[in-house]
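Undergrad:
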Amino acid sequence: MESSQYDAWAAIYDSVYSYVREDIPFYVDEAKAANGPVLELGCGTGRVTIPIAKAGLHIVGLDFSQAMLDVARKKVTALGGLDNLALVYGDMTDFSVGEMDEVDGKFGLVIIPFRGFQSLLSVEDEIKTLANIKRRLAPGGRLVFNIFVPDVQMMAQDSDVPYHFRDVIDPDTGARYVLWNQTEYDCYSQVMNIRTTVEELNESGTVARKLYRDFQLRNIFRWEMHHLLVSCGFQVEEVFGDFSGSDFDETSAEMVWVASPVK
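With the first letter of the sequence shown counted as 1, position 129 gets the number 172 in this note's numbering; the numbers rise by one all the way through.
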């Protein structure tokens, strides 16, 4: 995606994903229970980061998109600033939060909300990221993240045919969008190549403009994720099926993982 188009996408990100809110109270509660500051990987526009900071907790948000971070910084400025929040540009596979380190670079909690871990497209990058996280966690610290359960129907879709994904009305602005997805699935790498078309509607309900976002996510199966964590020196504490703490079962669409380094 060209940078100008990425900037346009970052500007509407919060509206397009305004329907994703149920995870915020969960991550805020996890941050409150943490023994030390919080590190969020893939913080984006601060959708989860800022509510944690507003709850009075120290948090560092790291993201690989300057456009997304710029939106987050504007939101922080609009709040009059948050001294307990730092936003840092970096790659979760090889990150350093530098002068923003807390407690000698250790964190009581590392979070990766909204499938950010699935942006890692190889097992090698997954292992690198988990190793970095383990080094950054203070004694007693935890890793909490969520990924979606692989969808067989999505894997089998005709990549040439867009399908209607969702209609969105931003409750804060009233902006209306229609989202379409096209998915090409690579069974060997478990990587989904996704094109999202965002149709922004005007007051009459006709399309005012279209934006396109091409991105990739890697499917990770339940026991694959379990063994990956264990092989990287973590113990799995919980796997929830949603953000209310329900048990994970065959009906779950979400996997919410809670893990900690093996002592």
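We put the beta carbon where it would ideally sit given N, CA and C, even for glycine.
Just the Cα atoms here: how many angstroms apart are L105 and A121?
TA: Whole-angstrom Cα-Cα distance: 20 Å.
Undergrad: Thinking C-alpha only, which one of E73, I55, R238 and W266 is nearest G288?
TA: When only C-alpha atoms are compared, the closest one is E73.
Undergrad: Just grab the DSSP bridge partners of A302 for me.
TA: According to DSSP, A302 bridges with L186 and V279.
Undergrad: Beta-carbon separation of G89 and K118 under 8 Å?
TA: Against a cut-off of 8 Å, the Cβ pair of K118 and G89 comes out as a contact.
Undergrad: Going by DSSP in three states, I102 sits in which element: helix, strand or coil?
TA: I102 falls in the strand class under three-state DSSP.
Undergrad: Given this structure, state the Cα-to-Cα distance separating F286 from W266, to the nearest angstrom.
TA: Taking the straight line from one Cα to the other gives about 20 Å.
Undergrad: Taking one C-beta from the stretch 198–213 and one from the stretch 166–175 each time, how about it: are there three or more such pairs within less than 8 Å?
TA: Because the criterion of three Cβ pairs below 8 Å is not met, the stretch 198–213 and the stretch 166–175 do not touch.
Undergrad: Hey, G79 and F150: beta-carbon distance below 8 Å or not?
TA: Result yes, Cβ atoms of G79 and F150 sit closer than 8 Å.
Undergrad: Taking the DSSP output, what are the residues bridged to W223?
TA: Looking at the DSSP assignment, W223 forms a beta bridge with H207 and T240.
Undergrad: Taking all protein chains shown into account, decide if R64 is buried (16 or more other Cβ within 10 angstroms of its Cβ) or exposed.
TA: Flag for R64 reads exposed.
Undergrad: May I ask you to list the residues that DSSP assigns as paired with K253?
TA: K253 pairs with E242.
Undergrad: Counting C-beta neighbours from all protein chains within 10 Å, is the total for D57 16 or more, i.e. buried, or is it exposed?
TA: The residue in question, D57, is buried, as its Cβ has 16 or more Cβ neighbours within 10 Å.
Undergrad: With DSSP as the reference, please indicate the residues paired to E83 in a beta bridge.
TA: Answer is G104 and I154.
Undergrad: Do you know how far the Cα of I190 is from the Cα of S303?
TA: The straight-line gap from Cα to Cα measures roughly 17 Å.
Undergrad: Between L128 and V153, which are expected to be in contact by the criterion C-beta below 8 Å, what is the C-beta distance as a whole number of angstroms?
TA: Wrong, their Cβ atoms sit about 16 Å apart, outside the cutoff.
Undergrad: To the nearest angstrom, how far is the alpha carbon of E297 from that of V192?
TA: Each residue's Cα considered, the two are about 5 Å apart.
Undergrad: Using the Cα positions of V299 and I155, report the straight-line distance between them to the nearest angstrom.
TA: Answer to the nearest angstrom: the Cα atoms are 10 Å apart.
Undergrad: Check A96 in the structure and name its three-state DSSP category.
TA: Helix at A96.
Undergrad: Can you check which of these residues, V221, T136 and F291, is closest to N175 by C-alpha distance?
TA: It is T136.
Undergrad: Tell me which same chain residues have a C-beta within less than 7 Å of the C-beta of G276, skipping the five on either side of it?
TA: Contacts found: K177, P304 and V305.
Undergrad: Could you compute how far the alpha carbon of F107 sits from the alpha carbon of V59?
TA: Between F107 and V59, the C-alpha separation is close to 20 Å.
Undergrad: Checking the sheet assignment: what are the DSSP bridge partners for I212?
TA: Answer is R219.
Undergrad: How long is the line joining the alpha carbons of E142 and G148, rounded to whole angstroms?
TA: At E142, the pLDDT of 47 sits below 50, so the modelled position is not reliable; the number obtained from the coordinates is stated separately. Computed Cα separation, rounded: 9 Å.
Undergrad: Going by CA-CA distance only, name the one from M111, F69 and S165 that's closest to M235.
TA: Closest option to M235, Cα to Cα, is S165.
Undergrad: Return yes when the Cβ of L82 is within less than 8 Å of the Cβ of V103, no when it is not.
TA: Contact flag set, yes.
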